[in-house]
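In our numbering, the protein residues as written are 215 to 476.
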């Protein structure tokens, strides 16, 4: 995650890309140590430091060029009243909002996928349910590429997680006031991302009941036979796990009786 701090003492290697306002500097903070990116945060009105976690200067310069291009595009778009998706994702990343489950690293991976699919300069106001469905189809089919690598096919839940994270970030931006002059379509926030359906266990058949019933009167199970007779007389369903559920028509006849497992 980016960190904020003051500029280090001179004498360390540094390289700058871009003009003032969107400039990105890549430099050492200690001799022979990891390289860092430094850029101006419009939200916090101060410089933000991002640890690249390596010492390869060539790769660091390419990263600085990419970040500078994104900042410059965002600056131009914001001047026109647009709300680029990449700008919104970077704001959310800098804000260090609370994460769930797998944490920040997993969220950043999802954000990279979103930027590749929708484009860095995508105005969030232009998002529609049609674009979300197209994204889901491409993600599930495995046609999306991140950093030249195909993601491969995925399940409904995996593809849906990207949509759910995007909706969470859009709601966060709306609550923070970043989208007051550029609201997102309500249909995008209300879009239901797919999940894998859990197949229910098959309900025991009457033939299975007949095979079990002769063994229910054994001495070690004194009450099990009476219980099975009750189940048969009431027409309850019995699953292989042993749970029972009353049929829906009996619940409708008696409002006080609930449906579902017992």
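Every residue gets a Cβ at the ideal spot worked out from N, C-alpha and C, and that includes glycine.
Please read all numbers here as calculations on a predicted model, not as lab measurements.
Would you please state the rounded distance, in angstroms, between the beta carbons of residue i and residue j? I believe it to be under 8 Å.
i: residue 240; j: residue 274; result: 4 Å
i: residue 377; j: residue 348; result: 12 Å between Cβ atoms; not a contact.
i: residue 281; j: residue 330; result: Contact doesn't hold; Cβ gap of about 16 Å is too wide.
i: residue 392; j: residue 373; result: The pair is not a contact, with the Cβ atoms about 26 Å apart (cut-off 8 Å).
i: residue 371; j: residue 427; result: About 41 Å; that fails the 8 Å criterion.
i: residue 327; j: residue 358; result: 6 Å
i: residue 286; j: residue 236; result: 4 Å
Compare the C-alpha of residue i against each of the options and name the closest.
i: residue 399; options: 231, 345, 447; result: 345
i: residue 424; options: 409, 437, 442; result: 442
i: residue 251; options: 260, 230, 234; result: 230
i: residue 261; options: 271, 280, 234; result: 234
i: residue 365; options: 372, 373, 371, 356; result: 356
i: residue 205; options: 342, 326, 267; result: Residue numbering for the chain in the displayed model covers 215 to 476; residue 205 lies beyond these limits and cannot be assessed.
i: residue 265; options: 248, 253, 271, 276; result: 248
i: residue 269; options: 279, 393, 228, 286; result: 228
i: residue 385; options: 369, 403, 375; result: 403
i: residue 276; options: 375, 232, 367, 433; result: 232
i: residue 323; options: 375, 225, 350, 447; result: 375
i: residue 379; options: 405, 437, 255; result: 405
i: residue 254; options: 238, 225, 245; result: 238
i: residue 397; options: 325, 278, 338; result: 338
Taking residue i as part of the alpha helix (DSSP H), name the residues at either end of that continuous run.
i: residue 386; result: 370-389
i: residue 404; result: 400-404
Kindly indicate which three-state DSSP category residue i falls into: helix, strand or coil?
i: residue 262; result: strand
i: residue 239; result: strand
i: residue 281; result: helix
i: residue 345; result: helix
i: residue 434; result: coil
i: residue 270; result: coil
i: residue 219; result: Any reading at residue 219 is ruled out, since the residue's pLDDT is 41, under 50, leaving its predicted position unreliable.
i: residue 229; result: strand
i: residue 460; result: For residue 460, the pLDDT reaches just 49, beneath the cut-off of 50, and the residue's location in the model is therefore unreliable, although a value from the coordinates is still provided. Residue 460: coil per DSSP, three-state reduction.
i: residue 234; result: coil
May I ask which residues mark the beginning and end of the beta strand (DSSP E) holding residue i?
i: residue 255; result: 249-255
Indicate, with yes or no, if the ligand GDP has a heavy atom lying under 7 Å from the CB of residue i.
i: residue 240; result: The model depicted lacks the ligand GDP and carries no ligand whatsoever.
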